[in-house]
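Structure record follows, encoded as structure tokens.
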Amino acid sequence: MLKVLNKVTSSFILSVCFGSLSLAETSASLGIASSVVENTCHYDQAKMLAMSPFEFDQDYENGWPSVADQEGCLSVAADLIRLYYQTNSLSQNKLKEFVWHEGQLRAEVGQYNEAIDLMEQSRKTSSEDDTGWNIYVSASIAFLRSDLSSLKAMREKLAVIPKPDDLPTTDGNGTPFVVNWPPNLDIVDRFIKCFGQNYAEAYGNCRD
6 MLKVLNKVTS SFILSVCFGS LSLAETSASL GIASSVVENT CHYDQAKMLA
56 MSPFEFDQDY ENGWPSVADQ EGCLSVAADL IRLYYQTNSL SQNKLKEFVW
106 HEGQLRAEVG QYNEAIDLME QSRKTSSEDD TGWNIYVSAS IAFLRSDLSS
156 LKAMREKLAV IPKPDDLPTT DGNGTPFVVN WPPNLDIVDR FIKCFGQNYA
206 EAYGNCRD
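Everything in the sequence shown is counted per the working numbering, starting at 6 for the first residue and increasing by one.
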């Protein structure tokens with residue numbers, strides 16, 4: 006994997022009580038692909054499901070990225086993300102974030118139709134979107150649909166998103182950092198440069 010998408014929702018939360026069900030039984034009850042129970046992908050399911058959303062997403066040694074980094078375990082990681090957000094109560098924004106990550110993983114393994122459905126669910130409301138996120142979503146979907154004209158049109162829209170005056174220039178510790186603006190334009194440019202390659206190749210540092 007591309008180091009877990011360079012180390013990096015739907016409108017519902019499904020509450021499920023698993024009790025003492027095995028992972029295989031739980032997966033079947035949720036309609037999750039059987040690949041999640043493969044013994045070749047190692048992780049502690051109970052520990053991961055008990056993590057905070059931040060830990061589950063950002064702990065690259067113990068969260069879902071640690072599963073995605075294992076050889077042949079991208080689909081398992083996608084299933085695990087789905088299991089997490091269907092099991093835990095999340096804010097709407099965090100739910101959409103996890104659905105987006107699942108969509109990216111589905112795209113990486115070639116499950117484009119499912120990836121498109123998930124990405125559509127990650128859109129923000131117009132009042133929440135001041136960074137061009139929805140345009141980036143549309144560009145990603147255009148790539149998956151092999152629609153070059155729409156992809157280029159989204160690139161032009163994203164390129165002119167105005168930069169906010171209050172854009173942070175330091176982190177929580179006061180350390181300065183540079184924010185590339187607009188966000189994700191570099192990824193969209195790779196989609197165009199590497200159009201015709203698969204999502205995983207284009208999302209990463211593809212070559213002409």
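No residue lacks a Cβ here, since even glycine has one placed at the ideal position from N, Cα and C.
Arg128 places its beta carbon less than 9 angstroms from that of Asn139.
Per DSSP, reduced to three states, the secondary structure at Phe182 is coil, with no helix or strand assignment.
The three-state secondary structure of Gln75, taken from DSSP, is coil.
Nearest Cα to Phe61 within the set Lys162, Gln109, Tyr90: Tyr90. The segment 141-154 makes no contact with the segment 167-178, as fewer than three CB pairs between them are under 8 angstroms.
Per DSSP, Phe200 lies in no alpha helix (DSSP H) segment and is marked neither H nor E.
When beta bridges are read from the DSSP output, Thr175 appears opposite Pro181.
The alpha-carbon separation between Asp64 and Ser71 amounts to approximately 8 angstroms. In terms of Cβ geometry, Ile197 and Leu153 form a close pair [threshold 9 angstroms]. Going by beta carbons, Pro187 and Lys157 fall outside the 9 angstroms limit.
The beta-carbon distance between Phe103 and Ile86, rounded to whole angstroms, is 5 angstroms. This is short enough to meet the 8 angstroms contact definition. Ala205 and Ala83 have their C-alpha atoms roughly 14 angstroms apart. Secondary structure at Val142: helix, using DSSP grouped into helix, strand and coil. The beta carbon of Glu125 sits closer than 8 angstroms to those of Val142, Ile146, all from its chain and outside the five residues before and after it, given in chain order. Secondary structure note for Lys129: it is in no alpha helix (DSSP H), with a DSSP letter that is neither H nor E. Put simply, the backbone Cα of Leu54 is about 14 angstroms away from that of His47. Beta-carbon to beta-carbon, Ile166 and Thr136 are separated by about 7 angstroms, close enough to satisfy the 8 angstroms threshold.
Going by C-alpha positions, Ala164 is about 14 angstroms away from Arg195. One alpha carbon belongs to Thr180, the other to Gly68, and they sit about 26 angstroms apart.
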